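This report refers to the structure that appears directly beneath it.
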Amino acid sequence: MPRKKTATLTQPIVPLTSRPGFLIRRLNQIHYAIFFEECRDFNITPVQYGMLTALSVAPGLDQKALGLAVGLDRTNTADVLKRLEERGLVTRQQSETDGRVKHAFITAEGLQITNAMYAAMISAQQRLLAPLSEEDRAKFLELLHVLVDSNNEFGRASMKAL
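Position in the sequence shown (first residue = 1) + 437 = the working numbering.
Right, here's the structure in full:
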């Protein structure tokens, strides 16, 4: 029976834990786990909470502007809005000037749940950053901003602060 040929790497192996992308993805997994643990009573995802927060600050955003505010593409923005609308946390209204455009508004119930979740969301953020000193937290956030701002154009959806 002939031996099966195996491919060999021609480049040195870079350990996963030396790759920024791997570590960022892993940190995102950890963040989601902590967020869901802290916010378990609300059945809201981090993306949904971000969208509710954006709409509480800027009610009436159209779907495109809302997607830019939270860094989501059009399809995912529409999907998240649909789920929030089904739960009665958001309403969408047709634009009076452009029938192709819908504006999103947070409902009273959506605002109530966003406010009720605030302490749990802050707790999740604090737990995530707990291993860092105050000085390191500030530097870490500063560096994250540099990376996100400098590479924003490469994401599936750009982000534009409100």
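Just so you know, even glycine gets a beta-carbon here, dropped at the ideal spot from N, CA and C. This one's a predicted model, so the numbers in the text were calculated from it and none came from an experiment.
Of the residues Leu464, Gly536, Phe473 and Gly458, the one whose Cα lies closest to the Cα of Pro568 is Leu464.
By the Cβ-count criterion, Glu475 is buried, with 16 or more other Cβ atoms from all chains shown falling within 10 Å of its own Cβ.
CA-CA distance, Ser595 to Leu505, rounds to 6 Å. In the DSSP assignment, the residues bridged to Val527 are Ile543.
Between the C-alpha atoms of Leu526 and Gln448 there is a straight-line separation of about 51 Å. Straight-line spacing of the CA atoms in Glu522 and Thr528 works out to 6 Å. Residue environment analysis places Leu503 among the buried positions, since at least 16 neighbouring C-beta atoms fall within 10 angstroms of its C-beta.
The way I'd put it, the segment 471-488 doesn't touch the segment 568-578; fewer than three beta-carbon pairs between them come closer than 8 Å. Of the residues assessed, Phe459 falls on the exposed side of the cut-off, its CB having fewer than 16 other CB atoms within 10 angstroms.
In this structure, DSSP gives Asp535 a state outside helix and strand, which the three-state scheme calls coil.
Where Met488 is concerned, the enclosing alpha helix (DSSP H) starts and stops at Pro483 to Val494. Taking Thr544 as reference, the option from His468, Ser493, Val451 and Arg537 with the minimal CA-CA separation is Ser493. Secondary structure at Leu521: helix, using DSSP grouped into helix, strand and coil. Taking the Cα of Asn588 as reference, the smallest distance to any Cα among Gly508, Tyr555 and Asn552 is reached at Gly508. The three-state reading of DSSP puts Asp510 in coil, since its state is none of H, G, I, E or B. Going by DSSP, Arg593 is part of no alpha helix (DSSP H) at all; its letter is neither H nor E. Ranked by how close their Cα comes to the Cα of Asn552, the residues Ile481, Ile467, Ile471 and Ser455 have Ile481 in first place.
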